[in-house]
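As given, the protein sequences belong to chains A and B, one line each in that order. Here my numbering is used: the first residue of the first sequence is 12, the next is one more, and so on. Here my numbering is used: the first residue of the second sequence is 4, the next is one more, and so on. Glycine included, every Cβ here is placed at the ideal spot set by N, Cα and C. Note sheet for the following structure.
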Amino acid sequence: MTATHERTPVEMGMPVRLVTLSVDGQEVSVPEGSTLLDACTAVGEDIPTLCYGDTLTPKNACRVCMVEVEGSRVLVPSCSRKVTENVVVRTDTERVRHSRRLVLELLGSSVDLSTTPHVEEWMAEYAADPGRFGPPAPEDLHRDVHEPGEHHAGDGSVAETMEQPDKVDNDLYVRDYSKCILCYKCVDACGTQWQNTFAIQVAGRGFESQISTEFNVELPESACVYCGNCIEVCPTGALSFKSEYDMRAEGTWNEDEQTQTTTLCTFCGVGCNLTLHVQDNTIVKVSSPHDHSVGHGNLCIKGRFGFQHVQNR
Amino acid sequence: MDLKFTDATAHEDERDAVDRLIGEAHSGWYGGERDATDHRMSYGGHQARSERHLVLEALHAVNDRVGWISPGALNYIGRRLSVPPADVYSVATFYALFSTAPRPKRIVHVCTDVACEALGAKGVCDTLQARLGPPGAASGWKHSPCLGVCERAPAAMAVEAGDPVVEHVIAPTTADDVVQALEVGPATLAAEASPTMAVPQAGDEGLILLRRVGRVDPESIDDYIAHDGYQALDRALEMGPQAVVQEVIASGLMGRGGAAFPTGRKWEATAGQPAQPHYLVCNADESEPGTFKDRAILEGDPFSLIEAMTIAAYATGAVRGYIYLRGEYPRSYRLLHNALHAARKRGYLGADILGTGWSFDLEIRRGAGAYICGEETAIFNSIEGYRGEPRTKPPFPVEVGLFGKPTVVNNVETLVNVLPIMELGGAAYAQIGTEQSTGPKLFCISGNLVRPGVYEVPFGSTLGEMIELAGGVPEGRTLQAILLGGAAGSFVRGDELDIH
Ligand SMILES: Cc1cc2nc3c(=O)[nH]c(=O)nc-3n(C[C@H](O)[C@H](O)[C@H](O)COP(=O)(O)O)c2cc1C
Ligand code: SF4
Ligand code: SF4
Ligand code: FES
Ligand code: FES
């Protein structure tokens, strides 16, 4: 017994080479395979990101994380570009700031970012003025009708928007695509990267694109299994628990009043961790720690939504 | 795969259209009849998913047959190819030539892009609006971006779904032609003008790239061979692959698809990749407004592209080639299809080409109305049956391209330049044009000019010289502005003619 105990291997991981680069004049060494974003974070630079997900393969969709790399003709997405030896990165040049400002303005003018964390700070930091494209266009009731290539040119009096009715078609979660920046994270989480259920995809093209089920059928008719792993990764609050959605509508949602408790899911023996968000002694939503080795932020319907029995008092 | 579908089922003709493409369904797991054995056996996995790349082709098959993609047809495609329905829908709604809403069998796409706008497209549309109502599925006519027949503007493309589908380019078009196509059918319209119409220089001495256009029968491999066809391939096979790459490097040939990347370097980098297999993709998506040079070659001298691609594949070690052809080029499709068959029959394509022991084959993949698919990584996604969205670079296609393998992507015009390089030698070819930009170049000139069309000139010619070639503006009119390039081009004034 003792012998076995002594031979228990100590996990050391593979030896990693360090890569040295310069970020805003500071030299930094990070493990090979890191991204420029990792290197920037290591020196304390706060790079805005939206489509980047710590549990997903970078999609390079939002372009808010761009940095300047010496020798590169174009700006580079820091969330996906791997570090190389001696590369010189600048995160705060006028070109970078200009690019971020424009990206934020275009997103801010067309998407409801009211529940996207950090956006207000970024707008101020980059002096973005999303209002400069004009007042937002009213709600569109036909966003789920796709006629690719058919452009309905506006007259310039209003700014095009994603504004559309919320999709409330089940008791568990709501899809408010007026808040969607088309970052593809939910699609990737539902698809090959995690869930392999393939309930949702991007439909249509260009500004008419929408996250959608086939022929926009309602979720209960689709392949969705309500794992909520799409909600977990959504950076904008476009996808939210029905409980959160209802409380926001009532005006009772208050994150400052909430506590978060991470615990073990008791439904089966897999060992997923749950983080219970509790307000007024009631569970209002469930998330899952992304750094947990079992689920990496993913759950099934039971862990995600099966909490009602706890509060049947 | 254990996929979930709605209850919608396909009609007989929808199933038939798909089955003709991919064969009968042999079990309930693949969309066929469910029988007792299906309960005891399961199929799926990599084998089933390996047909994903046929999604776009299957959508074409249904759209061609019935005119739109119904929920039942979409489910059937998903089941047959093991692709989730949401995924098939995402592909179907990306391409402008497909419809996921019911629509009549006859549809006419009316071009409203630059060259057509300059030659009366607006008038055509106004008349159609008055006679048929606003554009859309209900009225049968739709606005379209450039159809690539700008020399005969204003243009339209009429489609009548059926078995077989009828596709007819009307150029120049009138509102009457569009109404006739919708009410009586596109088959009743006058035949399309000859491909030679696009090349006013056709038959001139001294042409290199366009030398055969108008002289050779584009349907006949014998005629192609009688006009020096397949001599370049013979030279290449004598030289060996490395020497072919060296000649192309020496020629200084730069890509004609837009990015002007040195072709020889691209070939060398791909040839040296250890990962196998290698692929070759010909970019024939030509969708830049005002551009129709590739079409002039595809329709006037289709065998030249096939010969050039065979040489490119030989040099880069590609086992398979794809011609990604924009969906709006029905005549190019027909001629290329014919040329492929003829070349295969004569041993110029397929197993053991000309007795060398080396094998290579080619297929055509049709785009379905998406300009972006001309981008070199979007083209991969489209061929693989996905939405034509560009991929992140790096990695670059020479390393990770089509199906994740090393791939050369070249434009049609770039590829046909390889024939004179083989015939003249790289160094002699490099004498044509300027030091930085070698070789002959095709320019497309359209708008209010006497002889719009594709012109072959050496690099270094001025704008004024080209406008003169095209006969200048018609009598009594003055040149006001010129758009250089297409959607992302810039305008110059009528007096800025010394631009190179
Ligand atoms: C939006 C976009 C559209 C493009 N469309 C085409 C096209 O229709 N045909 C083409 O040959 N190249 C097109 N290109 C350029 C290709 O990406 C690629 O550079 C080219 O096919 C490479 O071939 P070449 O080296 O022979 O020029 C396009 C590029 C972009 C960014
Ligand atoms: S809840 Fe799960 S299955 Fe449903 S759409 Fe989201 S990720 Fe896909
Ligand atoms: S719903 Fe959320 S996760 Fe999905 S694309 Fe939109 S913003 Fe991204
Ligand atoms: S966070 Fe890097 S591109 Fe979106
Ligand atoms: S065919 Fe109309 S602009 Fe080219």
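Residues near residue i by beta carbon distance below 7 Å, same chain, minus five either side
i, result
"A:Glu253", "Note that residue 253 of chain A is Lys in the sequence shown here, rather than Glu. The answer, listed in chain order, is Asp182, Leu183, Tyr184, Val185."
"B:Asp166", "Arg68"
"B:Leu3", "Within the shown structure, residues of chain B are numbered from 4 to 503, placing residue 3 of chain B beyond reach of any answer."
"A:Gln204", "Leu67, Thr68"
"B:Leu210", "Gln204, Glu459"
CB contact check: residue i to chain A, cutoff 8 Å
i, result
"B:Lys7", "yes"
"B:His146", "yes"
"B:Phe406", "no"
"B:Ala104", "yes"
"B:Pro74", "yes"
"B:Asp90", "yes"
"B:Ala99", "yes"
"B:Pro87", "yes"
"B:Met200", "no"
"B:Thr395", "yes"
"B:Thr96", "yes"
"B:Ser223", "no"
Distance cut-off 7 Å: residue i Cβ against heavy atoms of ligand 2
i, result
"A:Asn284", "no"
"A:Cys276", "no"
"A:Gln206", "yes"
"A:Cys201", "yes"
"A:Ala210", "yes"
heavy atom of ligand 4 below 7 Å from residue i C-beta
i, result
"A:Arg74", "yes"
"A:Pro88", "yes"
"A:Thr104", "no"
"A:Leu61", "yes"
beta-carbon residue i near ligand 5 non-hydrogen atom, thresh 7 Å
i, result
"B:Leu452", "no"
"B:Gly293", "yes"
"B:Ala158", "yes"
"B:Gly151", "yes"
"B:Val117", "yes"
Beta carbon proximity, residue i to chain B, threshold 8 Å
i, result
"A:Ala249", "no"
"A:Phe218", "no"
"A:Phe316", "no"
"A:Glu161", "yes"
"A:His157", "yes"
"A:Gln212", "yes"
"A:Gly36", "no"
"A:Ala14", "Interpretation of A:Ala14 is limited by its pLDDT of 46, a score under 50 that renders its predicted location unreliable; the figure taken from the coordinates is listed afterwards. A:Ala14 does not count as touching chain B."
"A:Glu56", "no"
"A:Glu81", "no"
"A:Glu229", "no"
"A:Glu43", "no"
Own chain, CB closer than 6 Å to residue i, minus 5 neighbours either side, in chain order
i, result
"B:Cys376", "Asp288, Gly370, Ile382, Ser385, Gly391"
"B:Thr12", "Gly75"
Contact test: residue i Cβ vs ligand 3 heavy atom, cutoff 7 Å
i, result
"A:Ile130", "At residue 130 of chain A the sequence reads Val, which differs from the Ile that was named. No - ligand 3 has no heavy atom lying nearer than 7 Å to the Cβ of A:Val130."
"A:Cys238", "no"
"B:Val393", "Per the sequence shown, the amino acid found at residue 393 of chain B is Pro instead of Val. Result no, Cβ not under 7 Å from ligand 3."
"B:Thr199", "no"
"A:Pro246", "yes"
Residue i - containing alpha helix (DSSP H), residue span
i, result
"A:Phe316", "312-316"
"B:Ile173", "Run containing B:Ile173: none in the alpha helix (DSSP H); it sits in the beta strand (DSSP E), 169-173."
"A:Trp133", "130-136"
Span of the beta strand (DSSP E) around residue i
i, result
"B:Phe494", "493-496"
"A:Val41", "37-42"
"A:Gln290", "284-290"
"B:Glu208", "Looking at the DSSP string, B:Glu208 is not in any beta strand (DSSP E), and its letter there is neither H nor E."
"A:Leu29", "29-34"
"B:Tyr458", "456-461"
"B:Pro443", "443-448"
Distance cut-off 7 Å: residue i Cβ against heavy atoms of ligand 1
i, result
"B:Tyr374", "yes"
"B:Asp288", "yes"
"A:Gly217", "no"
Beta-carbon proximity list for residue i, same chain, < 8 Å, skipping 5 on both sides
i, result
"B:Ser362", "Val322, Gly353, Ala354, Asp355, Ile356"
"A:Val333", "The structure shown does not extend to residue 333 of chain A, since chain A is modelled only from 12 to 324, so the question has no answer here."
"B:His14", "Val69, Ser73, Gly75, Ala76"
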